[in-house]
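Undergrad:
Number of protein chains: 2
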Amino acid sequence: MSTGSPVEIPARRGTAVRLRQGQSVRVINTHGQQVVDTWAFRDGDLGEFMSMEHSRVALGRIIPGVGDTMVTNRRQPILTLTEDNSGGIHDTLFAACDRWRYELLGCTGYHDNCTDNLSTALAELGLAPPETPAPLNLFMNIPVIDGNRVEIRPPVSTAGSYVTLRAEVDCIVAFSACPQDVVPINGLALRPTEAHFEVLG
Amino acid sequence: MSTGSPVEIPARRGTAVRLRQGQSVRVINTHGQQVVDTWAFRDGDLGEFMSMEHSRVALGRIIPGVGDTMVTNRRQPILTLTEDNSGGIHDTLFAACDRWRYELLGCTGYHDNCTDNLSTALAELGLAPPETPAPLNLFMNIPVIDGNRVEIRPPVSTAGSYVTLRAEVDCIVAFSACPQDVVPINGLALRPTEAHFEVLG
Chain R
85 MSTGSPVEIP ARRGTAVRLR QGQSVRVINT HGQQVVDTWA FRDGDLGEFM SMEHSRVALG
145 RIIPGVGDTM VTNRRQPILT LTEDNSGGIH DTLFAACDRW RYELLGCTGY HDNCTDNLST
205 ALAELGLAPP ETPAPLNLFM NIPVIDGNRV EIRPPVSTAG SYVTLRAEVD CIVAFSACPQ
265 DVVPINGLAL RPTEAHFEVL G
Chain L
85 MSTGSPVEIP ARRGTAVRLR QGQSVRVINT HGQQVVDTWA FRDGDLGEFM SMEHSRVALG
145 RIIPGVGDTM VTNRRQPILT LTEDNSGGIH DTLFAACDRW RYELLGCTGY HDNCTDNLST
205 ALAELGLAPP ETPAPLNLFM NIPVIDGNRV EIRPPVSTAG SYVTLRAEVD CIVAFSACPQ
265 DVVPINGLAL RPTEAHFEVL G
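If you read the sequences in order, they're chains R and L.
Take the first sequence: its letters are residues 85 to 285, numbered as in the numbering used here.
Take the second sequence: its letters are residues 85 to 285, numbered as in the numbering used here.
1) Check the Cβ-Cβ distances between A212(L) and every residue of chain R, and say whether any is below 7 Å.
2) Can you tell me whether Q26(R) is buried or exposed, with buried defined as 16 or more other CB within 10 angstroms of its CB?
3) Using the C-alpha atoms, what's the distance from V240(R) back to N232(L)?
4) Using 7 Å as the limit for Cβ to Cβ distance, is P148(L) near chain R?
5) Assign P219(L) to one of three DSSP states: helix, strand, or coil.
6) For the ligand PLP, is there a heavy atom less than 6 Å away from the beta-carbon of R275(R)?
7) How big is the Cα-Cα spacing for L220(L) and C255(L)?
8) Taking 7 Å as the threshold (beta carbon to beta carbon), is N270(L) in contact with chain R?
9) C364(R) lies in the beta strand (DSSP E); which residues open and close that run?
10) Leaving out five residues before and five after M85(R) in sequence, what residues of the same chain have Cβ atoms less than 7 Å from its Cβ?
11) Using Cβ-Cβ distances below 8 Å, what residues of the stretch 107-137 of chain L are close to chain R?
12) Can you give me the Cβ contacts of P238(R) inside the same chain, cut-off strictly under 6 Å, excluding the 5 residues immediately before and after it?
13) Please confirm if M85(L) has its CB atom under 7 Å from at least one CB of chain R.
14) What in chain R is Cβ-close to V234(L), meaning under 7 Å?
15) Is the stretch 181-201 of chain L close to the stretch 150-168 of chain L, with three or more CB pairs under 8 Å?
16) W184(L) bridges to which residues according to DSSP?
17) Mapping DSSP to helix, strand and coil, what is H280(R)?
18) Let me know the secondary structure DSSP gives Q105(R) once reduced to three states.
19) Mapping the DSSP letters down to three states, classify R140(L) as helix, strand or coil.
20) DSSP has M134(L) in a bridge; who is on the other side?
21) Would you mind working out which of N113(L), R97(L), A100(L) sits nearest L222(L), comparing C-alpha positions?
22) Just reading off the beta strand (DSSP E) that D161(R) is part of, what are its end residues?
23) How many angstroms separate the CA atom of E282(R) from the CA atom of R110(R)?
24) Using the beta-carbon of each residue, which ones in chain L are nearer than 7 Å to L188(R)?
25) Pop quiz: R140(R) and T164(R) are said to be a contact at Cβ under 8 Å. What is the actual Cβ separation, rounded to whole angstroms?
26) Can you tell which of S135(L), P90(L), H174(L) has the C-alpha that lies nearest to the C-alpha of C225(L)?
27) By the three-class DSSP mapping on this structure, what secondary structure does I147(R) have?
28) For a contact meaning CB atoms closer than 8 Å, what does F178(R) contact in chain L?
29) Would you verify that the beta carbon of E215(R) is, or is not, closer than 7 Å to some beta carbon of chain L?
30) What does the Cβ neighbour count give for G98(L), buried or exposed, with the cut at 16 atoms within 10 Å?
31) Can you list the residues of chain L that V228(R) reaches, using a CB-CB cut of under 7 Å?
32) Please compile the residues from chain R whose C-beta is within a distance smaller than 7 Å of the C-beta of A218(L).
33) Have a look at the DSSP bridge pairing and note the partners of G98(R).
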């Protein structure tokens, strides 16, 4: 059951939402080629958060699929992937982009980045992240080739496709519509767009 | 040039060493099947540390090879892998083991773990880690199969084989001889052993 209409994650920006245990959030790739960096923090104790390095151990795979439950840095369930019609390609290997990433890519001056977007998103709730955990990079396509090499490829997702994540505990979920416009993380057009989310249940 | 004889990393325990820029540390797999979780923190600012999720982006691979430079969470060079006669299999995907890992594996009571070993090792220098970064798990064999599935396998390294890491900045390097004895991280015998390190140059 939807509790409201889709909320925009503005292009190049972040936002956050509180979920109660059992609620779900649907993350919609509105235009189809937009990566959404996603974090989850336990409500009331932000020092416990969804951890990619702990989730890979728990899942026995690097890309979560439907039915998989991501765990925290204390190995407790936090988000379960319950639906995915996006093609099933997401990333758990790459850090959130940050100002140093864009400096290395040759950008001069300030460039929007997912690390700052996380801070801004939590600040709107009066909170601050204890660190920048490695995100669950929804729709991001970083294949591991021959068991070692990683490549940056455009998303395989299509306009309107989505994933749904169920909260296993009360938590704060933050999103960043990745502002990467130098390499084709967000498609070959190098054009970051808005995405949407919808709280269900 | 060696500046001393090999120092023991006791079985199931951690230790740390300060390196000046340009010094190297050789990490020796004394008995051949021992995983050594390895961290590096910038001396004087422990909030900057070697990051696996940033290093994978920088390297374009998940397993560093000779000549590869690991970077920090600010994407600055910190350690370069300059020698490796261990077979070249290391892990950057799995979190350090911790008390929750052993609880989930059915252990009752306290079990030694790499997360606590990092804290103990830094405490001996009067320091505390700001968090437990995902470690560079030297000699650990976690293949990515078909681009997604990960498996825990025994190390491919042999007794006396080693890797050498050169400090690109003044840093503190911490090691934990992983106490994992439930799954075959440290070989099919499930018997954690000591390892050694030697500071060079």
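Heads up, the beta-carbon is just placed ideally off N, CA and C, and yes, glycines get one too.
TA: Reading from the atomic positions:
1) Taking the second sequence and counting its residues from 1, the one referred to as residue 212(L) is at position 128. No, its Cβ sits nowhere closer than 7 Å to a Cβ of chain R.
2) Nothing can be reported for residue 26(R), as the shown portion of chain R is limited to 85 through 285.
3) Here residue 232(L) refers to the residue found at position 148 of the second sequence. Here residue 240(R) refers to the residue found at position 156 of the first sequence. Using only the alpha carbons, I get a separation of about 16 Å.
4) Here residue 148(L) refers to the residue found at position 64 of the second sequence. So, not an interface residue.
5) As a first step, residue 219(L) must be located in the second sequence, where it is residue number 135. It is coil, neither helix nor strand.
6) In the structure shown, the ligand PLP is absent, as is every other ligand, since no ligand is present at all.
7) As a position in the second sequence, residue 220(L) is number 136, starting the count at 1. As a position in the second sequence, residue 255(L) is number 171, starting the count at 1. So the two alpha carbons sit approximately 15 Å from each other.
8) The count along the second sequence starts at 1 and reaches residue 270(L) at position 186. Not closer than 7 Å to any Cβ of chain R, the Cβ of N270(L) fails to qualify, so no.
9) A question about residue 364(R) goes unanswered here, because the residues of chain R that appear run from 85 up to 285.
10) Sequence index remark: in the first sequence, residue 85(R) carries index 1 (1-based). Because M85(R) carries a pLDDT of 45, less than 50, the predicted location of this residue cannot be relied on, and the following value inherits that uncertainty. L284, G285.
11) S135, M136, E137
12) Translated into the one-based positions of the first sequence, residue 238(R) becomes position 154. Once the five neighbours on either side are set aside, the close Cβ partners of P238(R) are P268, G271, L272.
13) As a working mapping, residue 85(L) is identified with position 1 in the second sequence. Legend: pLDDT at M85(L) = 45, less than 50; position of this residue unreliable, value from coordinates given subsequently. Not one chain R Cβ lies under 7 Å of M85(L).
14) By one-based count along the second sequence, residue 234(L) stands at place 150. R140, G144, R145, I146, listed in chain order.
15) no
16) As a first step, residue 184(L) is located in the second sequence; it is residue number 100 there, counting from the start. According to DSSP, which records beta bridges pairwise, W184(L) is partnered with nothing at all.
17) The residue you call residue 280(R) lines up with position 196 of the first sequence. Reduced to three states, the DSSP call for H280(R) is strand.
18) Within the first sequence, the letter at position 21 stands for residue 105(R). Three-state result, Q105(R): coil.
19) As a working mapping, residue 140(L) is identified with position 56 in the second sequence. Residue state, collapsed to three classes: helix.
20) Along the second sequence, one-based indexing puts residue 134(L) at 50. Paired residues: T156(L).
21) Counted from its first residue, the second sequence places residue 222(L) at position 138. When only C-alpha atoms are compared, the closest one is N113(L).
22) As a first step, residue 161(R) must be located in the first sequence, where it is residue number 77. The residue asked about is misnamed: residue 161(R) is Pro in this sequence, not Asp. Looking at the DSSP string, the run of the beta strand (DSSP E) that includes P161(R) is 161-168.
23) As a first step, residue 282(R) must be located in the first sequence, where it is residue number 198. As a first step, residue 110(R) must be located in the first sequence, where it is residue number 26. Their backbone Cα atoms lie some 5 Å apart in a straight line.
24) Counting from one through the first sequence, the residue named residue 188(R) turns up at place 104. In chain order: R159.
25) Here residue 140(R) refers to the residue found at position 56 of the first sequence. Here residue 164(R) refers to the residue found at position 80 of the first sequence. So it is not a contact: roughly 16 Å between Cβ atoms.
26) Start at 1 with the first residue of the second sequence, and residue 225(L) comes out as number 141. Note that residue 225(L) is Asn in the sequence shown here, rather than Cys. Considering only alpha carbons, the answer is H174(L).
27) Position 63 of the first sequence, counting from 1, holds the residue named residue 147(R). Note: I147(R) maps to coil in three-state DSSP.
28) By 1-based counting over the first sequence, the position of residue 178(R) is 94. Those are E137, R140, V141, listed as they occur along chain L.
29) The count along the first sequence starts at 1 and reaches residue 215(R) at position 131. Yes, because at least one Cβ of chain L sits closer than 7 Å to the Cβ of E215(R).
30) For this step, residue 98(L) is matched to residue 14 along the second sequence. So G98(L) counts as buried.
31) To locate residue 228(R), count along the first sequence from 1; it is residue 144. The contacting residues are I146, V228, G231.
32) Residue numbering aside, residue 218(L) sits at position 134 when the second sequence is read from its first letter. The contacting residues are E137.
33) By 1-based counting over the first sequence, the position of residue 98(R) is 14. In DSSP, G98(R) forms a bridge with S260(R).
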